[in-house]
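What the sequence shown shows, in this note's numbering, is residues 1212 to 1416, in sequence order. The beta-carbon is built from N, C-alpha and C at its ideal position, and this holds for glycine as well. Please read all numbers here as calculations on a predicted model, not as lab measurements. In what follows, a structure is listed as structure tokens, so that the remarks can point back to it.
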Amino acid sequence: MNRETSEPVGTTRFGRFEWRDLTQAAVFAGLLAALGLPGTLTLGPTGVPITLQTLGVMLAGSILGPRKGALAIVLFAVLAIAGLPILAGGRTGLVSLSSPTAGFFVGWLPAVVVIGALTALMMPRYRVLWGILINIVGGMGVIYLFGTAGLMLRTDLSWWAALSTNGIYVPGDIAKAVVCAYVAAQVHRARPGLITSWRTARTDE
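So, in structure tokens, the structure goes:
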């Protein structure tokens, strides 16, 4: 099927994105900012904050997919780096990037891409158990990997010491992965088609 002829008449495009894509990404960028309002809780010696914004990263990937989810993270990051205090605790992007925990913030973009891509493989039917596993792989594994690398670069911690600092955050992040999967399942049931299945995309090409 020709993609050009299959697009609805009057569809407004901005590069490779439609107006609807930009709107959805902007909504999730706003959700990320809102999830930072409750502030942070800092545990452990490294100062890595506990924040609800990682739940927003999981939701963006699980509901919007890799492309629109990544756009949401990019929009949020641009605003944060521009100076808006929208990161948890009222921090700006530059403050976060200059701290030892910068890797966790940097890890949001690859995390949302991994979550979105794996979710697209699962679609068109969203399965909660698979969704939880995907959120753990992307929302925890990827972010922890980047966060650990950042701690090693900014501190004198060894690989194992930096990695082990994530242990106290695991229970809360697993809870976020579960909540995200149940929310995503309800959203996809109510609004099918938010993420195009890779099988469908290949058929349309």
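Asked	Found
Secondary structure of Leu-1368, DSSP reduced to three states	coil
Of the residues Pro-1335, Gly-1378, Gly-1383, Ile-1343, the one placed nearest Arg-1400, counting alpha carbons only	Pro-1335
Beta-carbon proximity list for Asn-1377, same chain, < 6 Å, skipping 5 on both sides	Tyr-1355
Sub-8 Å separation of Val-1353 and Ala-1322 beta-carbons	yes
Rounded separation between Leu-1231 and Pro-1382 - CA only	Sequence check: residue 1231 is Arg here, not Leu. Taking the straight line from one Cα to the other gives about 36 Å.
Residues that DSSP places opposite Leu-1356 in a beta bridge	DSSP, once it has assigned bridges, lists no residue as partnering Leu-1356.
Contained alpha helix (DSSP H) runs [length at least 4] in the segment 1269-1333, N- to C-terminal order	1304-1308, 1313-1317, 1319-1333
Helix, strand or coil at Ile-1406 [DSSP, three-state]	coil
Rounded straight-line distance, which links the Cα of Ala-1395 to that of Gly-1350	14 Å
Euclidean distance between Cα positions of Phe-1315 and Thr-1359	8 Å
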